[in-house]
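Novice: For the sequence shown, the working numbering assigns the number 1 to the initial residue and increments by one for each residue that follows. Note that beta-carbon positions come from the ideal geometry of N, C-alpha and C, so glycine has one too. Just so it is clear, the structure is predicted and the values come from calculations on it, not from any experiment. If you scroll down you'll find the structure; I have some questions about it.
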Amino acid sequence: MPYVMPSHPAPPGAPPPRAGRGGRRLRGVRRLAAVVALVTGAALAGPGTAGAAPAGPMAAEARTAAALERVTAFGANPGNLNMYVHRPPALPANAPVVVALHGCTQSAQVYSDNSGLDAFADRHGFLVVYAETTTANNANKCFNWFQPGDTRRGQGEAASIRQMVAHAATAYGTDVDQVHVTGLSAGGAMTSVMLAAYPEVFAAGAVVAGIPYGCGVDVVSAYRCMSPGTDRTPAAWARAVRDAHPGFPGPWPRVAIWHGDNDPTVVPRNADELRDQWTAVHGLGQSPDRTSTVGPNGTRRSEYLSAGGASVVEVNRVPGIAHGTPVDPGTGGEQCGATGTQHFIDSICSSYWITRFFGLDGGTAPEPPVDPPTEPPACWTADNYEHVRAGRATTTGGYVYAKGSGQHLGLYNTFVTHTLEESPAGHYVLADGTCP
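Written out as structure tokens, the structure is:
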């Protein structure tokens, strides 16, 4: 495979391409570098677990949790993955399972040491299965979320992760009806794959800085998914999920979406597209039924409820952070994780809230107060030039992006018209044909 493909980054010392007229070629190289960042791992390159660790009892708990158990025989393993587990000292019978998928250049050990999941597994009694990819699959240890041979039911890496879940049930006596999956970045995109390809296996999933299922099928399309993002209708996104397992009658997995507002690698627009995908799969609209603010940093949570009132899709927009897993080191009940490794960002303990969303905390914690009802969101229909002039959008490189969501609106001119919805204040989303 040529070195420009995802599994083979350019060799050291390769001369950079020359910039063409108007710098267009140089911009193209930069765009290719951006996709290689997620696909091959440059975006998640960083120090290993030797970095600083949090102090206090939670730090000791995290270090204990990092002692993973290697499982060497869990099935045919067509995707050539490694399986590790964190088993709490007193794992109950019929325990739930959380499958955890690391980001590029990371490992099962790094994700275990820093995400905080193991501490909640010990506290609430569930098994954590860490799937790990290797340089044999991808030069920078990214899950191949964009390769059709690894993202389809019964094939490649997706099939290997499915076999890990089946092995956990037989080897550890876990509950096949309480299986969940979460992951960061390329692992977040692979979380989308597992929810779509095996909806009967997973009760719920949490996608952290990830991408909708069916977005990327090669390097070029993967780049577009990452930035500026790919805009499809909710119906088109839902069709991609349903086509992954034709004829599946449901129920579909519940989905939590976590994304940093300032993520330059996988732009925040992906959170909107993920929302569109899974609300449409569940037959819901794209306007939230309930909103609240959670955590110490004012993370904005939007919930989309089933007819019975259950939150089946939620979007958590984390303010002020870039690309990574939000953690909050410390000893408090809602704190977790470590920041000694790059792309674990001191903000909010996402693992605490993900554990709650999965229903694994025993339902003992009180729900945060729900935001009071507000007036209908404000909407503006105008050309892109006017949106920028009015401060509802920004322009970069001749293109326009909605403020807050970062959604790509097209060329910066008076010939492209869109409707933008503002909710909350200062956060604009594309609402063509849907704004009340």
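Report the option in P78, R300, R224 whose CA atom is closest to the CA atom of V350.
Specialist: According to the sequence as given, residue 350 is Ser; it is not Val. For S350, the nearest C-alpha among the options comes from R300.
Novice: Do A256 and G205 have their C-beta atoms closer together than 9 Å?
Specialist: In contact: A256 and G205 (Cβ atoms closer than 9 Å).
Novice: Does the beta-carbon of L430 have 16 or more other beta-carbons within 10 angstroms, so that it is buried, or is it exposed?
Specialist: Result: buried.
Novice: When the Cα atoms are used, what is the spatial distance from A209 to A271?
Specialist: Taking the straight line from one Cα to the other gives about 8 Å.
Novice: Near A60, what residues of its chain come up, given a Cβ to Cβ distance below 7 Å and the 5 sequence neighbours on each side ignored?
Specialist: Here A60 scores only 39 on pLDDT, less than 50, and its place in the model should not be relied on; the value that follows carries that caveat. Here the set comprises nothing.
Novice: Indicate whether at least one CB of chain D lies closer than 9 Å to the CB of G247.
Specialist: Among the chains in the structure shown there is no chain D, since it carries only a single protein chain.
Novice: In angstroms with no decimal places, state the Cα-to-Cα distance between Y428 and T394.
Specialist: Cα to Cα, Y428 sits roughly 11 Å from T394.
Novice: Please list, in chain order, all residues of the same chain as L68 whose beta carbon is under 8 Å from its beta carbon, the five residues on each side excluded.
Specialist: Excluding sequence neighbours, L68 sits near Y84, V85, H86, A108, Q109, S112, Y130.
Novice: Straight-line CA distance for V281 to R254?
Specialist: Taking the straight line from one Cα to the other gives about 10 Å.
Novice: With distances taken from CA atoms, which of C379, G363, V267, V312 is nearest G324?
Specialist: Of the listed residues, the one whose Cα sits closest to G324 is V267.
Novice: Name the one or two DSSP bridge partners that E69 has.
Specialist: Answer by DSSP bridge pairing, in chain order: V85.
Novice: Once the 5 residues before and after T133 are set aside, which same chain residues still bring their CB inside 6 Å of it?
Specialist: Excluding residues within five positions, the ones whose Cβ falls inside 6 Å are L81, K141, F143.
Novice: Please classify L411 as buried or exposed, where buried requires at least 16 other C-beta atoms within 10 Å of its C-beta.
Specialist: When all chains shown are included, L411 counts as exposed.
Novice: One question on the structure: do G116 and A338 come within less than 9 Å of each other, judged by their Cβ atoms?
Specialist: Yes.
Novice: Which one or two residues does DSSP pair with Y399 in a beta bridge?
Specialist: Paired residues: T396, L411.
Novice: So, V440 versus V128, is the Cβ gap smaller than 9 Å?
Specialist: Beyond the ends of the chain as shown, which are 1 and 436, falls residue 440; an answer cannot be given.
Novice: Tell me whether R70 is buried or exposed, calling it buried when 16 or more other Cβ atoms sit within 10 Å of its Cβ.
Specialist: Classification for R70: exposed.
Novice: Could you check what DSSP says for N262 in three-state terms: helix, strand or coil?
Specialist: Note: N262 maps to coil in three-state DSSP.
Novice: Considering only their Cβ atoms, is the gap separating L409 from W445 smaller than 9 Å?
Specialist: Because the chain is modelled from 1 through 436, residue 445 falls outside the range shown and cannot be assessed.
Novice: Where do the N-terminal and C-terminal ends of the alpha helix (DSSP H) with W278 fall, by residue?
Specialist: It spans 269 to 281 - the alpha helix (DSSP H) in which W278 sits, taken as one unbroken run.
Novice: How is C215 classed by DSSP in three states: helix, strand or coil?
Specialist: Note: C215 maps to coil in three-state DSSP.
Novice: With H, G and I counted as helix, E and B as strand and the rest as coil, what does DSSP make of T230?
Specialist: Coil.
Novice: Looking only at C-alpha atoms, which of G404, R392, Q342 sits nearest to N114?
Specialist: Among G404, R392, Q342, the Cα nearest to that of N114 is on Q342.
Novice: According to DSSP, simplified to helix, strand and coil, what is P296?
Specialist: Coil, per DSSP.
Novice: For T355 versus H124, is the C-beta distance shorter than 9 Å?
Specialist: For T355 and H124, yes; Cβs fall inside 9 Å.
Novice: Would you call the stretch 282 to 294 and the stretch 168 to 178 in contact, with 3 or more CB pairs under 8 Å?
Specialist: No, because fewer than three Cβ pairs between the stretch 282 to 294 and the stretch 168 to 178 fall closer than 8 Å, the two stretches do not touch.
Novice: Nearest-angstrom Cα distance between D217 and V327?
Specialist: According to the sequence displayed, residue 217 carries Val and not Asp. Whole-angstrom Cα-Cα distance: 31 Å.
Novice: Output the distance between the C-alpha atoms of A310 and D346, rounded to the nearest integer angstrom.
Specialist: Taking the straight line joining both Cα atoms gives about 30 Å.
Novice: Is the stretch 228 to 244 in contact with the stretch 191 to 201, if contact means three or more CB pairs nearer than 8 Å?
Specialist: The stretch 228 to 244, when compared against the stretch 191 to 201, does touch it at the 8 Å Cβ threshold.
Novice: Shortest alpha-carbon distance to E200 belongs to which of H245, M226, R224?
Specialist: Of the listed residues, the one whose Cα sits closest to E200 is H245.
Novice: Nearest by alpha-carbon distance to E386: which of G359, F415, G404 is it?
Specialist: When only C-alpha atoms are compared, the closest one is F415.
Novice: Taking F357 as the reference, which of V207, A136, V219 has the closest Cα?
Specialist: Comparing Cα positions, the closest option is V207.
Novice: For H259 and F146, what's the separation of their Cα atoms in angstroms?
Specialist: Near 20 Å, if we compare the C-alpha coordinates of F146 and H259.
Novice: For P296, count neighbouring Cβ atoms within 10 angstroms of its own Cβ and tell me buried if that reaches 16, exposed if not.
Specialist: By the 10 Å Cβ count, P296 comes out exposed.
Novice: When we look at the beta-carbon of G320 and count the other beta-carbons within 10 Å, is it buried (16 or more) or exposed?
Specialist: Exposed, by the Cβ-count rule.
Novice: Out of A378, N384, N316, state which residue places its alpha-carbon closest to the alpha-carbon of Y352.
Specialist: The shortest C-alpha separation from Y352 is found at N316.
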